[in-house]
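**Q** Under the numbering used here, the first residue of the first sequence carries the number 560, and numbering increases by one thereafter.
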Amino acid sequence: MLDVSELIKRLDKYYPNPQTSLNYGNPFELLVATILSAQCTDVRVNEVTKTLFQKYRGPRDLAEANLTELEEDVRPTGFFKNKAKNLKNCAAQIVARFNGRVPNTLDELVSLPGVGRKTANCVLGSAYGIPGIVVDTHVARISQRLGLTDHEDPVKIEFALMELIPKDHWVDFSHQIILHGRAVCQARKPACPQCRLNDLCRYYHGTLRN
DNA sequence: CTCCCGATAT
DNA sequence: ATATCAGGAG
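#1: Okay, do the segment 608–625 and the segment 641–661 touch, 3+ Cβ pairs below 8 Å being the bar?
#2: Beta-carbon within less than 6 Å of residue 708's beta-carbon, same chain only, minus the 5 sequence neighbours each way: which residues are those?
#3: Am I right that residue 675 and residue 730 are in contact with their C-beta atoms under 8 Å? What's the rounded C-beta distance?
#4: Between the Cα of residue 644 and those of 614, 656, 603 and 591, spot the shortest distance and give me the residue it belongs to.
#5: Report, in whole angstroms, the separation of the C-beta atoms of residue 581 and residue 593, which I expect to be a contact under 8 Å.
#6: Identify, in the order they occur along the chain, each residue of the same chain with its Cβ nearer than 8 Å to the Cβ of residue 606, setting aside the five sequence neighbours on each side.
#7: Quick check: what's the CA-CA separation for residue 633 versus residue 603?
#8: Quick one: using the 10 Å Cβ neighbour count with 16 as the cut-off for buried, is residue 769 buried or exposed?
#9: Identify whether residue 560 lies in helix, strand or coil by the three-state DSSP scheme.
In structure tokens, the structure reads:
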């Protein structure tokens, strides 16, 4: 089994002070940016939110947005019809049910339209400092490659990682793996020879034999 | 499991 | 041509 404490030590060394690369000024903006980040690069999300956050100052603005107009506002992030509808409905529920404040529990966040566990844990960790493992495409892929888990279901991966990773490292671990996934351990063509975790990695040792 | 979206990398 | 990009809902 992989040496988890060595893995964490390595991640802290190579990815110190990890943070989300989504731009935001408050929990609501982070929630919006994270909803938009589905199947889209964070660079493109940041381009869209730069003007979006000026146009819609908070959940009340977004709840009253013209849907067709909002669709055009978020179009570059892809899935724009779903995202626009979810953002508008999500904002409306935040106003109606939570007095305009983004909730700070997993159950309440997940109850909002367009918000799943990945988005919820993202907001909890970065906006509220509440520990959670963010299982996105990077965390799922790299957890499997390293050999941290054999599960493919994101929820099962999340619970497996919560058992393996100390709670005070959950948020940093998520960001570090995502950074590593973008820079080194890409989905298509992972840079295994340059990877500074490869001596710990099941995938690396496996691919060399084949 | 499919659909939603389109730009980009391979 | 096809897989991938900070996923979620029906």
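Ideal placement from N, C-alpha and C gives every residue a C-beta, glycine not left out. Note that the structure is predicted; figures quoted are calculated from it, not measured.
**A** Well, looking at it:
#1: yes
#2: Here the set comprises 702, 716 and 719.
#3: Actually they are not in contact, since the Cβ atoms of residue 675 and residue 730 sit about 18 Å apart, beyond 8 Å.
#4: 591
#5: 7 Å
#6: Hits under 8 Å: 635.
#7: 10 Å
#8: Residue placement at residue 769 is poorly supported in this model, since its pLDDT is 42, which falls under 50; the coordinates still yield a value, given next. Exposed, since its Cβ has fewer than 16 Cβ neighbours within 10 Å.
#9: Coil, per DSSP.
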